[in-house]
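Before any comments, here is the structure.
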Amino acid sequence: MQKKNMTMLKSLIIVFLLGFSIQLSAQKSEKVIKLLLNNERADALKLVEKLDQSNVENYYLKQIVLKENGEIANGYNYLEGLLNKADFEPYLFASWHETFLFSDYESQGFAPLELRRLQEIKTPQLQNASLRDAYSYMQSIHAEVSRDFDKQKQLVASIKNIENWELVGPFENLNDSGLNITYEPENKATAANGFDTNGNGIVNWYVAPDNPLILIKILSITTSMEIKLIMLKRLFNLIKSKELYYN
């Protein structure tokens with residue numbers, strides 16, 4: 003009986019110490035956040051460096067503190083480390099637009115070098131469907147930059163949240179334009195009368211053909227000069243990018 007009580011006592015001590023350790027770590031995390039809120043960034047950095055970085059919350063918090071201290075982190079080293087942590091998905095979502103991960107790619111576009119880094123990281127087994135589709139989208143952008151159009155098509159097809167992809171002519175690739183302007187297609191899902199391009203006529207959303215030669219068929223049957231010019235421009239870009247060859 004005495005031996006049994008001693009074993010139980012040891013178990014209780016271990017549980018107590020573990021709980022105390024977790025509580026102490028949580029208190030330190032809260033203190034780091036308070037230091038940041040008080041603009042005591044250097045002190046926050048000293049404290050966060052002491053936290054257990056195998057804990058996903060501490061790992062994420064450290065990147066926030068580094069950013070607040072003006073230190074440029076290698077986003078893809080961060081991503082690789084994050085994917086090795088337990089319960090990382092909420093923190094991947096929280097990090098998505100941070101400067102230490104993908105940054106504000108919706109307005110600033112993507113750097114090809116950063117996208118290539120994605121290929122070196124093993125695709126995570128994501129449970130959240132939206133997060134999984136978002137990651138596939140990022141990989142499809144990398145495939146496009148790398149001119150791997152077969153892989154891009156495969157990745158886009160795997161995104162179940164969006165079944166019918168559409169393009170909108172000259173308004174495409176606005177992310178890379180460098181212009182801080184909001185265009186109509188960014189605000190409207192549909193437009194009965196199309197969108198004014200202020201130079202290339204009126205265009206509307208259309209489903210991109212799988213075969214670029216379909217563009218030639220459109221050219222042969224359309225009577226609209228505006229559409230002809232748009233299709234010719236697209237054909238020229240396809241030839242220039244070597245997606246379409248001619249003799």
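Position in the sequence shown (from 1) plus 2 gives the number in the numbering used here.
Cβ coordinates follow ideal geometry from the N, Cα and C atoms, glycine included.
Nearest-angstrom Cβ-Cβ length linking residue i and residue j, presumed shorter than 8 Å
i, j, result
"D135", "I161", "5 Å"
"L39", "D45", "Actually they do not touch by this definition, with Cβ atoms about 12 Å apart."
"Y208", "E168", "6 Å"
"Y93", "Y139", "Contact flag wrong, Cβ pair sits at about 19 Å."
"E70", "R43", "5 Å"
Residue i - DSSP class collapsed to helix/strand/coil
i, result
"D198", "strand"
"L39", "helix"
"L85", "helix"
"L53", "coil"
"E146", "helix"
"K33", "helix"
"Y93", "helix"
"Y61", "helix"
"Y185", "coil"
Identity of the residues DSSP links to residue i by a beta bridge
i, result
"I204", "D198"
"L128", "Paired residue(s): none; L128 is not in a bridge."
"L169", "Y208"
Residue range of the alpha helix (DSSP H) that includes residue i
i, result
"H99", "From DSSP, H99 is part of no alpha helix (DSSP H); its letter is neither H nor E."
"F151", "151–160"
"K190", "That residue, K190, is in no alpha helix (DSSP H); it is neither H nor E in DSSP."
"N71", "Looking at the DSSP string, N71 is not in any alpha helix (DSSP H), and its letter there is neither H nor E."
Cβ neighbour criterion (16 or more within 10 Å) applied to residue i
i, result
"A96", "exposed"
"K64", "buried"
"L60", "Checking the displayed sequence, the identity of residue 60 turns out to be Asn instead of Leu. When all chains shown are included, N60 counts as buried."
"Q4", "Model confidence at Q4 stands at a pLDDT of 45, short of 50, so the residue's coordinates are unreliable; what they give is reported in the following sentence. Exposed, since its Cβ has fewer than 16 Cβ neighbours within 10 Å."
"Q141", "buried"
"F303", "For the chain, the structure presents residues 3 to 249; residue 303 sits outside this window and is missing."
"F102", "buried"
"Y80", "buried"
"H144", "buried"
"F151", "exposed"
CB contact below 8 Å: residue i versus chain C
i, result
"A46", "Going by chain labels, chain C is absent from the structure shown, which holds only one protein chain."
Residue i CB to nearest heavy atom of the ligand MN below 7 Å
i, result
"R149", "Although the ligand MN was asked about, the structure shown includes no ligands whatsoever."
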